[in-house]
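Using numbering that gives the first Met the number 0, read the sequence shown as starting at 0 and increasing by one per residue. For glycine and all other residues, C-beta sits at the position ideal for the given N, C-alpha and C. Just so we're clear, the structure is a prediction, and the values are computed from it rather than from any experiment.
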Amino acid sequence: MPPQQHLHHLYDAVTGEYRGAVFATPEQLADMSNVAERDSPPLPDLQTLKDSALAVVRGIALEVRREIAASASPECSLIWVLKAVCGAVWQLNDAAANPRLDGVSAIAQAGFKLETDITGEAPVAVRDSSLEKAGLFFNAHQIVEGMERLAEDRIPTATTLAEQDTVTTQLRAWQTQARSTIETLSS
C-alpha cells in the first residue's frame, strides 16, 4: 500500500506567495523544489483554497486513471469488455432462456470453449472470472468518476474550511478504495 498522502498548503520558498494545495506524502513534498510548507501560514481566501483543491482532485483522478490503464494494455482491456459482454449474455441466457439471446449465447459458449480447450479450464469458470475482472475494471473507473463529481459538486459550495476538509477526507477514502480495486485488478 502506498504511503498515506495528506493535504499540504504550499508557499514559494523565496517570496512566501501562496502556490496552492497538494495531496502528497512527506517524501513527495520534500522533492518539490523552490516551495516550502509552513506550520502557521497565513491562510489564503476560501476561493483560492477551493480552486487549488479542485485542481488537486483532477490531478489525483488523472493519476488513478493512469494506474487503471497501466493495469492492462488497451488490447487486454478491449478483450475484457468483449468477454464480459459475451459472458454476460451467456450467463443471462442460462438463467432465463431467451430465444433472442440464443445466437449470441452460442457464440459466447463456443468462444470460451475454444480458450478452455487449450487451457484445460472449465468454460463457466473462465466466463465467471472474466465477468469479475470486467466488474473490477468498471468499478475502479466509477470510483474515479464519483470522486470527481463529488469534488466538483461539493468543493465549490463549501462555505468554510471545515466543509472543504470534510470533502477532502471523503475524497482520500475514495482514493484509497480506488487504489485497492486497482491492486485487486492487477493481481
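8 Å contact criterion, which residue i and residue j should meet: CB distance rounded
| i | j | result |
| --- | --- | --- |
| I67 | A139 | 5 Å |
| S185 | S70 | 5 Å |
| A109 | V88 | That belief does not hold up - the Cβ atoms of A109 and V88 are roughly 13 Å apart, past 8 Å. |
| L160 | L53 | Contact flag wrong, Cβ pair sits at about 15 Å. |
Cα-Cα separation, residue i to residue j
| i | j | result |
| --- | --- | --- |
| E144 | R171 | 14 Å |
| G102 | R64 | 35 Å |
| T118 | E182 | 25 Å |
| I59 | L45 | 21 Å |
| F111 | S76 | 17 Å |
| V80 | S104 | 16 Å |
| K132 | G86 | 12 Å |
| E26 | T175 | 18 Å |
| R37 | E62 | Residue placement at R37 is flagged as unreliable, the pLDDT there being 47, under the threshold of 50; the coordinate-derived value follows with that caveat. Looking at the two C-alpha atoms, the distance is approximately 26 Å. |
| T180 | F136 | 8 Å |
| I142 | E162 | 21 Å |
| A83 | P155 | 38 Å |
| D116 | A96 | 25 Å |
| E114 | A157 | 53 Å |
Unbroken alpha helix (DSSP H) run spanning residue i, endpoints
| i | result |
| --- | --- |
| I181 | 160 to 185 |
| L100 | Taken as a continuous stretch (DSSP letters only), L100 belongs to no alpha helix (DSSP H), as it is neither H nor E. |
| I67 | 45 to 69 |
| P73 | 73 to 94 |
| P122 | 122 to 153 |
Minimum Cβ-Cβ distance from residue i to chain D less than 8 Å
| i | result |
| --- | --- |
| V84 | Considering every chain present, this structure includes no chain D. It has just one protein chain. |
Report task. Answer yes if the segment 159 to 170 comes into contact with the segment 81 to 92, meaning at least three C-beta pairs across the two stretches below 8 Å, and no otherwise. Result -> no
Requested in this report: Examine the Cβ distances between the segment 121 to 128 and the segment 139 to 150 and report whether three or more of them are shorter than 8 Å.
Outcome: no
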